[in-house]
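So in our numbering, spot 26 of the sequence shown is number 19, and the numbers just go up one at a time. Before any comments, here is the structure.
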Amino acid sequence: MARRPVTRTPPLAAVLAVQTVLRDAGLEPVVGGSALLASLSADLDEVHDWDVLVDADPDTVARSLAALGRPVRRAPEPAPEPYASDALFVVDAGDHEIDVIVRFRIRIRTGTGVLEVPARPGGTWRGLTMARPEDWARAYRAMGRERSAALLESAASDAATKG
-6 MARRPVTRTP PLAAVLAVQT VLRDAGLEPV VGGSALLASL SADLDEVHDW
44 DVLVDADPDT VARSLAALGR PVRRAPEPAP EPYASDALFV VDAGDHEIDV
94 IVRFRIRIRT GTGVLEVPAR PGGTWRGLTM ARPEDWARAY RAMGRERSAA
144 LLESAASDAA TKG
């Protein structure tokens, strides 16, 4: 089946700026969530929001985001259960918001109790550094989002056979 083009995304300029200021601070931010699915999947043609992940100290992230010149707020709690991330910053991009998630983790019922989802760089899409699909497949599976996990596992498998 031919891949459908992604037809709708929030504007790119703000999320590109977020990645740039974080990189300028020596960090390695990646984009995950629906944008990662859209970058790889034939079954998703719209990105509703941007999820930027970074493995760093929350104070370092806050100082870096201040350089954006846009309103940024730190959520009082990183996220509701089942998430266990260190911090959540919300960047006001005018007509949308960008979530910057620091050390993304999900509480799950396993022997360890918490699934770490590392912010490891994968491919690039529309100028963005994307997360690795295998990392997000594990995250989606932990969240019970089986369809999304399967799409990413398939994409990761396809990329491995091509690479």
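For every residue, glycine included, the Cβ atom is placed at its ideal position computed from N, Cα and C. Because the structure is a prediction, the values reported are computed rather than measured.
- With the rule of 3 Cβ pairs closer than 8 Å, the region 21 to 33 counts as touching the region 123 to 138.
- Leu61 sits away from Val24, with the two beta carbons spaced by 8 Å or more.
- Secondary structure in the region 10 to 54: the alpha helix (DSSP H) runs of 4 residues or longer, each lying completely within the stretch, are 26 to 33 in chain order.
- The region 42 to 61 makes contact with the region 14 to 23, as at least three CB pairs between them are under 8 Å.
- With 16 or more neighbouring CB atoms inside 10 Å of its own CB, Ala7 falls in the buried class.
- Taken atom to atom, the span from the alpha-carbon of Phe82 to that of Arg98 is near 15 Å.
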